[in-house]
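Quick notes on the structure that follows.
Protein chains: 2
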Amino acid sequence: MNTQAEIDDFVLNGHLYYIPHVSLDCAIFGYHDQQLKLLLIKHKAIDGWCLPGGYIKRTEKLVEAANRNVKERTGIDNLFLQQFKTFGDPNRARMDEFDEEKWFEATGIRITKDNWLIDQTISIGFYAITDFSKTELQKDMLIEDCAWFDINELPKLEFDHDEMVSEALHAMRVQLYHYPIGINMLPEKFTLSEIHALYETLLGKKLDVSNFPKKLIALGLLKKLDEKRSIGAHRSPHLYVFDKEKYSQALKDGVVLS
Amino acid sequence: MNTQAEIDDFVLNGHLYYIPHVSLDCAIFGYHDQQLKLLLIKHKAIDGWCLPGGYIKRTEKLVEAANRNVKERTGIDNLFLQQFKTFGDPNRARMDEFDEEKWFEATGIRITKDNWLIDQTISIGFYAITDFSKTELQKDMLIEDCAWFDINELPKLEFDHDEMVSEALHAMRVQLYHYPIGINMLPEKFTLSEIHALYETLLGKKLDVSNFPKKLIALGLLKKLDEKRSIGAHRSPHLYVFDKEKYSQALKDGVVLS
DNA sequence: AATTATTTAGTAAAAATTACTAAATAATAA
DNA sequence: TTATTATTTAGTAATTTTTACTAAATAATT
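Structure follows, in structure tokens:
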């Protein structure tokens, strides 16, 4: 949405190439250096912070639409994306509070109450995890701001997005116990401390410093390399890589962490 | 949908009180006597078997809409209903194969290609479990047939409903390991053999005849009564009830079966 | 009252988890 | 160069959980 012509066309004709009444919202979790963050955006036409989201093209699969949305904001393609819940409460987005003037200012086009955008919408929630230090946040003409927030310092979100975040976080943590979904958050070669810190941060709880990595190794998910890395005084841990085959097997069949 | 006037109104004005482009489908599993069945329906306007489903009223929450649909078919209200996935592939229901004449015959009203019903739809999948011996299947004017099928002898289903069933079954079984969702399938007072058979059937695998019930008791989910039941030669097992408090606690927080 | 097969309690064996100890290591400082 | 150091990581002991197996209790039947 980078030109006024694009915006005008989206508002007037969007219902022809997007599916009306259906949107999606993405809880994009970002990890780096033992910090867990969430990507939020501020629309020009809406006062508070929201999850990034958008509409689904009539030619797209749901996950493709989610991927397009994630890529538009973060610049990253083909992130691990997981559908976690669909939201459809009749008053999840109260359009009676719709401020026509503010929308006109923001979009440069007058949106009437019979426009396809101003109608009840159910929204499909996806979550993703990425390394936030590798993203390049991108706004567009309808987005005033786009930023990473620490997961423990989130502002109050608009609509039902608080509930979405809490459900997304829960779904992500449950999945983390059953599937190895951490591969995108670590460099190709990493230390046991790094993967230990990653899981502790994502799960929001302490894991045993010795037993947890041993479990990953016992499961066959990690392969030890002959290399080491110097990361400071008295510290030269071995480097590991994921065993690609075991990893994708575990993604398919599931594993159990404890 | 029990009069021609209702059908006409639904076809012509349904988009005013239902959300267009969004439907829901319910995989209703039925258990009784160590048999697991699935409820299927045959629409008059469609050749093969389908999951029961319908549209969402603009005033309804998603789960309320699902509940209404389940009640319309089975006569049972307030079943345990669980959203498991939303389906939105662009070619999940190929409306180019829509047979206008057949629809006219079935519905008594001519549906043109610009009708709200003939457009791309994403569908929200729910599953439920009930005791099929307690249901009273109900058709309506648009439904030719409605019946329970053994889970191992399902016909090929229309649209993407085969995939829905497989996803629903998987979701139900995963949940069964984590939450006690069997309460509706047993009489209020039941024997350890009965709950053992229930779980074996739902999970589709053998569970130890002695250890499995012990686990349920150890978790505190079951309370032993002073009563027994005579169910045949040499058989007078104790009766048990669910501990309501522990049960709802486990529904909320989760438990782990193995 | 004896017989029977299911029900269910009990326990032993095995496996998995958790807690703890200490050896190996390489960067630093003497 | 050698001693010191704190992290890394291997090893093992303790504990808990799971699984497998045995047998006692039970009430309907003969």
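Sequences listed follow chains P and D, in order. So the first sequence is numbered by the numbering used here: it starts at 8 and just counts up by one. So the second sequence is numbered by the numbering used here: it starts at 8 and just counts up by one. Virtual Cβ for every residue (Gly too), placed ideally from N, Cα, C.
Inset, instruction - Within the same chain, show all residues whose beta-carbon is closer than 7 Å to that of Asp15/D, passing over the 5 residues directly before and after it, in chain order. - result: Same-chain partners within the cutoff: Ile116.
Inset, instruction - Determine whether the Cβ of Ile63/P lies closer than 8 Å to any Cβ atom of chain D. - result: yes
Legend entry - Distance between beta carbons of Ile26/D and His28/P, contact taken as under 8 Å: 5 Å
Inset, instruction - Using 10 angstroms around the beta-carbon of Thr137/D, count the other beta-carbons present and answer buried if the total reaches 16, otherwise exposed. - result: Per the 10 Å Cβ criterion, buried.
Inset, instruction - Closer than 8 Å by beta-carbon distance: list the chain D residues that pair up with Ile125/P, in chain order. - result: The contacting residues do not exist; Ile125/P stays about 14 Å from chain D at best.
Legend entry - Closest residue to His177/P among Asn76/P, Asp152/P, Gln90/P (Cα-Cα distance): Gln90/P
Inset, instruction - Within 10 angstroms of the Cβ of Arg80/D, are there 16 or more other Cβ atoms? Answer buried if so, exposed if not. - result: Buried, by the Cβ-count rule.
Legend entry - Alpha-carbon to alpha-carbon, Lys92/P and Ala72/P: Going from the Cα of Ala72/P to the Cα of Lys92/P covers about 16 Å.
Legend entry - Residue environment, Ala52/D, which counts as buried when at least 16 other CB atoms sit within 10 Å: buried
Inset, instruction - Determine the direct distance from the alpha carbon of Ser173/P to that of Val18/P, and round the result to whole angstroms. - result: 31 Å
Legend entry - Beta carbon of Tyr186/P nearer than 8 Å to that of Val262/P: yes
Inset, instruction - Check Gln89/D in the structure and name its three-state DSSP category. - result: strand
Inset, instruction - Find the residues of chain D that neighbour Gly21/P, judging by a C-beta separation of less than 9 Å, and give them in chain order. - result: Result: empty, since nearest Cβ-Cβ is about 13 Å, beyond 9 Å.
Legend entry - Ile35/D to Leu46/D span [Cα, whole Å]: Answer to the nearest angstrom: the Cα atoms are 6 Å apart.
Inset, instruction - Anything in chain P within Cβ reach of Ile188/D, meaning under 8 Å, just list it in chain order. - result: None at all; the shortest Cβ gap to chain P is about 16 Å.
Inset, instruction - Look up Glu234/D in the DSSP assignment and say whether it is helix, strand or coil. - result: Looking at Glu234/D - three-state DSSP - the assignment turns out to be strand.
Legend entry - Three-state secondary structure assigned by DSSP to Val248/D: strand
Legend entry - Limits of the beta strand (DSSP E) - the one that Lys44/P falls within: 42-50
Legend entry - Residue nearest to Tyr247/D in terms of C-alpha spacing, selected from Gly132/D, Asp169/D, Leu229/D, Ser237/D: Taking the Cα of Tyr247/D as reference, the smallest distance to any Cα among Gly132/D, Asp169/D, Leu229/D, Ser237/D is reached at Leu229/D.
Inset, instruction - Can you pull the chain P residues whose beta carbon is under 7 Å from the beta carbon of Asp96/D, in chain order? - result: Lys68
Legend entry - Check whether Lys196/D and Glu170/D have beta carbons under 8 Å apart: Cβ distance not < 8 Å, so Lys196/D and Glu170/D don't count as in contact.
Inset, instruction - Determine the extent of the beta strand (DSSP E) in which Leu31/D is found, giving its start and end residues. - result: Leu31/D: member of the beta strand (DSSP E) spanning 25-39, first to last residue.
Inset, instruction - Spell out the partners DSSP gives Ile136/P in its beta bridges. - result: Phe36/P
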